[in-house]
Amino acid sequence: MAFAPRIVRWKPAANGIRKVTCQLLPGYVFFDADTTPDWTSIRASESVLRILQYGDGEKALHGSDNQFAAWLIRHGGILEISHAIQVGAKLEFMDGPLKDITGKVVKVNKNRKQVQIALGDETSILPTIWCSMEFIEINTNGIE
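Start counting the sequence shown at 1; every next residue gets the next number (the UniProt record's numbering).
Rendered as structure tokens:
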């Protein structure tokens, strides 16, 4: 299975903001293989610029990078907008892909409706990611 992950983001528009779907990691494709791929043949393809690898030469995802790819697959390769409520100083995601992420919220940009999530450590291929979200306001009558 091969997929190029996509993300739904809020983008400024003439009449406010609108949802757009774009590549999460432009130019990157993830794939799963039961056996070790023929890297020479893959590298020879004109459409392949390079194959990412870790410092030790390993090409297969591991650790938090592998968890991130599995998380993307669980969500069909597309990260929809998540909804959250603020509970004290913390965010609680009510639905969407961020509800089951193992990462940690690093920053919140309420104006742009985005949240930065730490996915792994400095050895990760993708240490953080910005995802779009919406706040759910709670009033005395319940959720609005």
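The beta carbon of each residue, even a glycine, is placed where N, CA and C say it ideally should be.
Contact annotation: the stretch 23 to 40 does not touch the stretch 99 to 116, with fewer than three C-beta pairs closer than 8 Å. Exposure of residue 22 is indicated by the presence of fewer than 16 other C-beta atoms within 10 angstroms of its C-beta.
For residue 6, the secondary structure class from DSSP, reduced to helix, strand or coil, is strand. Distance check between residue 123 and each of 27, 2, 55, 9 places 55 closest, using alpha-carbon atoms only.
Secondary structure note for residue 66: its alpha helix (DSSP H) is the uninterrupted segment 63 to 74.
The alpha-carbon of residue 87 is positioned some 40 Å away from that of residue 59. Under the rule that a run must span 4 or more residues, the alpha helix (DSSP H) segments found entirely inside the UniProt domain "NusG-like N-terminal" (13 to 62) read 39 to 44. When the beta-carbon positions are compared, residue 108 and residue 119 stay at least 8 Å from each other. Less than 8 Å separates the beta-carbon of residue 79 from that of residue 7.
Rounded to the nearest angstrom, the gap between the Cα atoms of residue 41 and residue 14 is 47 Å.
For residue 91, the uninterrupted beta strand (DSSP E) run begins and ends at 90 to 95, by DSSP.
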